[in-house]
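Going left to right, the sequence shown walks through residues 1 to 232 as this note's numbering numbers them.
Glycine included, C-beta positions come from ideal geometry on N, C-alpha and C.
In what follows, a structure is listed as C-alpha cells, so that the remarks can point back to it.
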Amino acid sequence: MTPDIRFVYFDLGNILVSFDRNLASDNVADLFGGTREASDEILHTGGLQNQLETGLISEDEFAQAVRDAYATLVQPNGMVATGDIMRAISDMFTPIESMVAVLQSLRAAKVPIGILSNTCAAHWNWVNGRGWEIMSGPFDVQVVSYEARSMKPDRVIYETAMKLASECLAMRPGEGDNAELRPEEILFVDDREENVEAALAHGWKAEVCLGGEQAIDVLRRHGFDVPLASTA
1 MTPDIRFVYF DLGNILVSFD RNLASDNVAD LFGGTREASD EILHTGGLQN
51 QLETGLISED EFAQAVRDAY ATLVQPNGMV ATGDIMRAIS DMFTPIESMV
101 AVLQSLRAAK VPIGILSNTC AAHWNWVNGR GWEIMSGPFD VQVVSYEARS
151 MKPDRVIYET AMKLASECLA MRPGEGDNAE LRPEEILFVD DREENVEAAL
201 AHGWKAEVCL GGEQAIDVLR RHGFDVPLAS TA
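As C-alpha cells, this is what we get:
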C-alpha cells in the first residue's frame, strides 16, 4: 500500500457497474403502456427516485406514486405490482469487467476498499443478486445512501463513510498505534464532479473518472500497482 493512501472508496454506478437510465424508463413504460419520456419525468424529474435512494419513502410508497402518476396519463390496465416496478427500475446495470482485476489486486495487497454509493435497496439488491464477479467482494465497508439516509454530496454520508472506514482500519491486524485514519488518507473515485468536490471539502483525496481505464489511471497515479485494462 502507498504510505499516503490507506483506504479506497469506489462509487458504484459508472465505476463498478455501468447503467442506462433510459432502460429503466423503457421498462416502466412497458409495464404501464406509456413512453420513455413520461417514465423519466415520473421517476427522475420530480425527485421520486432520489426520495427512494435517501430512504425517505418505502418501495410500496414509491410504487404507488408511480401508479398514481401513470393513472393520470393512460387508462389503468390492472394493478402493476410493486415487485414488478422495482425490477423494472433495476434492470439497467452492466458490470464493468475490467474493474474486477483492479479490486482483486487491491485486496491481494491488503488495501481496505469500500463502496460509497447513492442507491436504493432495489438497485443494490439487484446488482448483488446477479452473481457478477465485480460484486462478489469482500468489500471492507459498504455505505449506501438509502441506509445512511443521506445522498452524496450531502455532508452526512461522507461523515458516515469516514467513521466506518476508521473503524474498519482500527480492527485490522498490525495497525497498532497507526490505526487512526486521517481524511487525507482516503482516496475516492466517482463519476460526478459535485460528489468529488464534496469529498475534497472533507479533506479526502478524490478524482472524477469512469470505471475502467480512467479509474485504473487514477489508482496508478496514486501509487497502486493495479493491472492495466485489457485491450483484447
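Nearest candidate by alpha-carbon position, reference residue i, set the options
i, options, result
"Glu180", "Ala108, Asn14 and Leu164", "Leu164"
"Phe32", "Glu147, Val80 and Arg182", "Val80"
"Asn233", "Ala121, Met86, Tyr158 and Arg192", "This structure cannot settle anything about residue 233, because the visible part of the chain is limited to 1 through 232."
"Ala63", "Leu48, Thr72 and Pro76", "Leu48"
"Leu23", "Glu37, Ile15 and Leu16", "Glu37"
"Gly46", "Val66, Asp30 and Leu200", "Val66"
"Ala170", "Gly83, Val189, Val141 and Tyr158", "Val141"
"Leu210", "Met92, Asp191, Ile42 and Ala198", "Asp191"
"Arg130", "Ile115, Ser90 and Ser105", "Ser90"
"Ala215", "Asp30, Phe19 and Ala101", "Ala101"
"Asp96", "Ile134, Trp126 and His123", "For clarity, residue 96 is Ile in the given sequence; the question names Asp instead. Nearest option by C-alpha distance: Ile134."
"Glu185", "Ala198, Leu200, Ala199 and Trp204", "Trp204"
"Val189", "Met99, Ala29 and Ser39", "Met99"
"Asp40", "Val226, Ala88, Ala122 and Leu219", "Ala88"
"Ala29", "Asp60, Asp84 and Gln51", "Asp84"
"Arg149", "Asn50, Leu16 and Leu43", "Asn50"
"Lys152", "Ala198, Gln104 and Val208", "Ala198"
"Glu61", "Gly78, Pro76 and Leu43", "Leu43"
"Met92", "Leu106, Arg107, Asp154 and Asp20", "Asp20"
"Ser25", "Glu193, Tyr70 and Trp132", "Tyr70"
Buried or exposed (CB count within 10 angstroms, at least 16 for buried), residue i
i, result
"Ser58", "exposed"
"Ala109", "exposed"
"Gly137", "exposed"
"Val156", "exposed"
"Leu228", "exposed"
"Leu187", "buried"
"Gly34", "buried"
"Val234", "Summary: the structure shown does not reach residue 234, with the chain confined to residues 1 through 232, and so no result is reported for it."
"Asn128", "exposed"
"Pro173", "exposed"
"Leu116", "buried"
"Leu56", "exposed"
"Asn195", "buried"
"Gly114", "buried"
"Ala201", "exposed"
"Ala206", "buried"
"Ala122", "buried"
"Ala161", "buried"
Residue range of the beta strand (DSSP E) that includes residue i
i, result
"Ser18", "Val17 to Phe19"
"Val8", "Phe7 to Phe10"
Beta-carbon contacts of residue i that lie in its chain and below 8 Å, excluding the five residues immediately before and after
i, result
"Thr119", "Leu12, Gly13, Glu53, Val144, Ser145 and Tyr146"
"Pro112", "Arg6, Phe7, Val8, Asp140, Val141, Ala165, Cys168, Leu169 and Arg172"
"Ile15", "Ile96, Met99, Val189, Asp190, Asp191, Cys209, Leu210, Gly211 and Ala215"
Host alpha helix (DSSP H) of residue i (start-end)
i, result
"Val218", "Glu213 to Arg221"
"Leu56", "Taken as a continuous stretch (DSSP letters only), Leu56 belongs to no alpha helix (DSSP H), as it is neither H nor E."
"Glu37", "Arg36 to Asp40"
Nonlocal neighbours in the same chain, by C-beta distance under 7 Å from residue i, ignoring five residues either side
i, result
"Thr2", "Only weak support exists for where Thr2 lies, its pLDDT of 49 falling under 50; the value from the coordinates is given anyway. Only His222, Gly223 and Phe224 meet the Cβ criterion."
"Arg220", "Val226"
"Thr94", "Val17 and Ser18"
"Thr82", "Glu59, Asp60 and Ala63"
Own chain partners of residue i with C-beta closer than 6 Å, once the 5 adjacent residues on each side are dropped
i, result
"Trp126", "Ser90"
"Trp124", "Val144"
- Item | Ranges of the beta strand (DSSP E) found wholly within the region 117-205, counting only runs of at least 3 | 141-144 and 186-190
- Message: As an exercise, report each continuous beta strand (DSSP E) stretch of at least 3 residues that is fully enclosed by the region 69-119, in chain order.
- Response: The region 69-119 contains these whole beta strand (DSSP E) runs: 93-95 and 113-117.
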